[in-house]
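Student:
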Amino acid sequence: MPILTQLEMEALGLSLKVGLWSTLVSLPLAIAVAVALGRSSFPGKSLIDTLVYLPLVLPPVVTGYFLLVLFGRRGPLGAALEQWFGLVFAFRWTGAALASAVMGFPLMVRAIRLSVEAIDPGLEQAAATLGAGRAAVFATVTLPLMLPGILAGTLLGFARSLGEFGATITFVSNIPGETRTLPIAIYGLTQVPGGDAAVLRLVLLSVAVSVGALFASELLARRIAKGAVA
Amino acid sequence: MTPTTSEEPASLEIDIEHRVGGFDLAAKVATGPGITALFGRSGSGKTTLVNLIAGLIRPQRGRIALGGRVLFDHTAGIDLPPHRRQVGYVFQDGRLFPHLSVRHNLLYGRWFTPAGRRYASFAAIVDLLGLGPLLDRRPLHLSGGEKQRVAIGRALLASPRIVLMDEPLAALDGARKAEILPYIERLRDELALPIIYVSHAIDEVARLADWLVLMNDGRVAASGQVGEVLSRLDLRPLTGRYEAGAVIETRVGETDTAYELTTLSFAGGELRVPRLALAPGSLVRVRIRARDVAIALARPQGISIQNMVAARIIELSAEQGPIIEIALDAGGTRLLARVTRLSADLLRLAPGVPVWALIKSVALDRHMLSQAPGIHASPDIEL
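Residue numbers (my numbering), protein chains in the order written: chain A, 51 to 280; chain B, 9 to 391.
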């Protein structure tokens, strides 16, 4: 008898897929936004600042509703993306990934921005006097020094994605094999009489995945601190 | 090891105006190989001037040229970014890259220097600055003095055409300073590079610099050879009264082994100092503080002071306090003496009066001695 049931395998696989995609795709954007907010001043900066942090304070259901309106098949963005790139979010796992990305984005930006602001601009000036152009300074000084923040942001975003429920269920509903991630599966089973044992198994699975992610990032952080990466 | 011969010897010309908030900097300076000290109180504009040369700040008006290459020209619309200026900058706080080993910090500038423009060899710089044992360490595990040595090496390995040092020793204690000074002296003597050395420590300036640009309130108050500027009476409010003194270049003569005294000769006479481990004929720079020089009208007899130099009074500082300074000419060498106003009046000291300058040997300790730099062409420094 396999350790995990069909439903559990499916929910776990979907959660990991959604978590990885949402984190990896939003990471470059999160880095760019964090650097822009942490380093430069430009017109409309406070607007961007507010917009980025909005999902942190809005009820997730509200965020999910906005996603539905904007990225639904008839929404202004959803229709355009489908027409040009064939990319559909509504009631697909991609929509779950988008919802996770939006909800996790403020956490990623915040963690990365803190590490950007902690970098002494004097180091970048020193690199410039040594002949490094702006792109080279970023690649060889700024980015490596941001690495702990990037790692922390990635972990936070991934963890947030594993726990994402409200915006996801509002935007893409509960579709087995497509949008039924671990939290949604747990919620679904609590609504069914006699689902207690199955719920407990899913809860334990959820805890195991989160602890595993934390442990992996801890290991990576230690390797960075030891300089194995640089 | 010198900058590539295809380029003309680097000389720096600055003529800029820069205004930030209430601070107003206007400076015109031209200098060549050797160490030019930018000296002045904090807030006098020294660091701003150096940042303008490096391109870290953009002046509002003016022109900066290095070895015929224009780095900045307001009217021509030229403003080279820092990474294209070929300026080696040693910051006060080191600014080593914490994520790189000492070796990779040193090699950082080399990556960006085209092979044809490199003149600094890694092995030579590591040897010059004694960095061999540090190469695999991280900046975090270096002492303050080691950090500054690495910072100097890193700047040089980018093969710059000028080196800017912004108070590189300010963050170090006395022992660490003494550890680095000889390395900076070696740079001065072995590289034909102009070095701009920012400092507010008169002893460092007297020891290292060939030329002195005295900054005050965003303006160049005076400039010229170190000895000349430091012995000018009118500049003492800026150079510091307690440390006022003359800097003279001397040549090592014979050493009396029985008494362990070495004779140093200069244009105006001879000095005897505690034995120096230097070959006869080598040049040694001696700083004689005004407070270590007394004055007599006739050559005194029965006195423990052995260093007596015949001189003529050039001028007396016009002050009302109990102490005045007197500038002396000893065979073309300028000395400063510090006496009470009472003594000056009793002895009727006045310009033109021949006197004897009495210098205590013990005042010439090793701290005040340094290898004199090679002879460099006189830079053209204007006010």
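Beta carbons: idealized from backbone N, C-alpha and C, even for Gly.
Pairing CB atoms from the region 218 to 230 of chain A with CB atoms from the region 135 to 147 of chain A, are three or more of them under 8 Å?
Tutor: yes
Student: So with CB distances below 8 Å, who are the chain B contacts of V85/A?
Tutor: Correct list: empty, because the minimum Cβ distance to chain B is about 17 Å.
Student: Would you call the CB atoms of L232/A and S256/A closer than 8 Å?
Tutor: yes
Student: Looking at the secondary structure, which residues open and close the alpha helix (DSSP H) in which L54/A lies?
Tutor: No alpha helix (DSSP H) holds L54/A; DSSP gives it neither H nor E.
Student: Could you compute how far the alpha carbon of L355/B sits from the alpha carbon of L305/B?
Tutor: 7 Å
Student: Please name the residues in the region 84 to 101 of chain B whose beta-carbon is closer than 9 Å to at least one beta-carbon of chain A, in chain order.
Tutor: P89, P90, H91, R92, R93, Q94, V95, G96, Y97, F99, D101
Student: In the DSSP assignment, what are the bridge partners of K36/B?
Tutor: D23/B
Student: Indicate the three-state DSSP secondary structure (helix, strand or coil) for L106/A in the structure shown.
Tutor: DSSP places L106/A in helix when its eight states are reduced to three.
Student: Return the CA-CA distance between T55/B and L336/B, expressed in angstroms with no decimal places.
Tutor: 34 Å
Student: If you measure from the beta carbon of F130/B to each beta carbon in chain A, is any gap under 8 Å?
Tutor: The beta carbon of F130/B does not come within 8 Å of any beta carbon belonging to chain A, so the residue lies off that interface.
Student: Anything in the region 175 to 209 of chain A with a Cβ closer than 9 Å to a Cβ of chain B? List those residues in chain order, please.
Tutor: Q175, A176, A177, A178, T179, L180, G181, A182, G183, R184, A186, V187, T190, V191, P194, L195, L197
Student: Excluding five sequence neighbours on each side, which residues of the same chain lie with their C-beta closer than 6 Å to the C-beta of V110/B?
Tutor: L142, L143, R145, V158
Student: Using a threshold of 8 Å, state whether the C-beta atoms of L120/A and L127/A are closer than that.
Tutor: Yes, the pair counts as a contact, with Cβ atoms nearer than the cut-off.
Student: For D174/B, write down the residues that DSSP places opposite it in a beta bridge.
Tutor: V206/B
Student: Going along the chain, which residues of its own chain have a beta-carbon closer than 8 Å to the beta-carbon of L270/A, five neighbours each way excluded?
Tutor: L201
Student: With a threshold of 8 Å between beta carbons, is L164/A in contact with chain B?
Tutor: Interface flag for L164/A against chain B is unset, since no Cβ pair is found closer than 8 Å.
Student: Whose CA, out of I210/B, I61/B, R103/B, L33/B, lies closest to the CA of G51/B?
Tutor: L33/B
Student: Give the range of the alpha helix (DSSP H) segment to which Q233/B is assigned.
Tutor: Where Q233/B is concerned, there is no enclosing alpha helix (DSSP H), although the beta strand (DSSP E) it sits in stretches over 227 to 233.
Student: In this structure, how does DSSP classify F135/A when only helix, strand and coil are distinguished?
Tutor: helix
Student: Straight-line CA distance for E58/A to V259/A?
Tutor: Whole-angstrom Cα-Cα distance: 13 Å.
Student: Quick one: grab the DSSP three-state call for S273/B.
Tutor: strand
Student: Applying the criterion that 16 or more other CB atoms from any shown protein chain within 10 Å of the CB defines a buried residue, is H91/B buried or exposed?
Tutor: So H91/B ends up on the buried side.
Student: Looking only at its own chain, which residues have a Cβ that is under 7 Å from the Cβ of P89/B, when we skip the five neighbours before and after it?
Tutor: Excluding residues within five positions, the ones whose Cβ falls inside 7 Å are G63.
Student: Closer than 9 Å, Cβ to Cβ, to anything on chain A: give me those residues from the region 189 to 206 of chain B, in chain order.
Tutor: none
Student: In terms of residue numbering, what span does the beta strand (DSSP E) encompassing A318/B cover?
Tutor: 315 to 324
Student: Going along chain A, which residues have a C-beta under 7 Å from L79/B?
Tutor: Chain A residues near L79/B: none, gap ~12 Å exceeds 7 Å.
Student: Would you give the residue range spanned by the beta strand (DSSP E) that G253/B belongs to?
Tutor: Start and end: 253 to 264.
Student: Does R27/B pass the burial test, meaning 16 or more other C-beta atoms within 10 Å, or should it be called exposed?
Tutor: exposed
Student: Here's a check: name, in chain order, each residue in its chain whose Cβ is nearer than 7 Å to the Cβ of E257/B, leaving out the five neighbours to either side.
Tutor: F274, L291, R293, A380
Student: Between the region 133 to 145 of chain B and chain A, which residues of the former have a C-beta closer than 8 Å to a C-beta of the latter?
Tutor: Against chain A - using a Cβ distance shorter than 8 Å - the region 133 to 145 of chain B contributes no residues.
Student: Between L250/A and chain B, is any beta-carbon pair separated by less than 8 Å?
Tutor: It does not: the Cβ of L250/A has no partner Cβ on chain B nearer than 8 Å.
Student: In chain order, what are the residue ranges of uninterrupted beta strand (DSSP E) at least 3 long that sit wholly in the region 69 to 149 of chain B?
Tutor: Residue ranges of uninterrupted beta strand (DSSP E) with 3 or more members, entirely inside the region 69 to 149 of chain B and ordered along the chain, are 69 to 74, 77 to 81, 95 to 98.
Student: Against chain B, does G154/A count as a neighbour if the rule is that its beta carbon must be under 8 Å from one of theirs?
Tutor: no
Student: Whose C-alpha, out of A209/B, I210/B, L216/B, is nearest the C-alpha of I203/B?
Tutor: L216/B
Student: Taking DSSP as the reference, what is the three-state secondary structure of T229/A?
Tutor: coil
Student: Counting only beta-carbon separations shorter than 8 Å, does Y127/B have a partner in chain A?
Tutor: no
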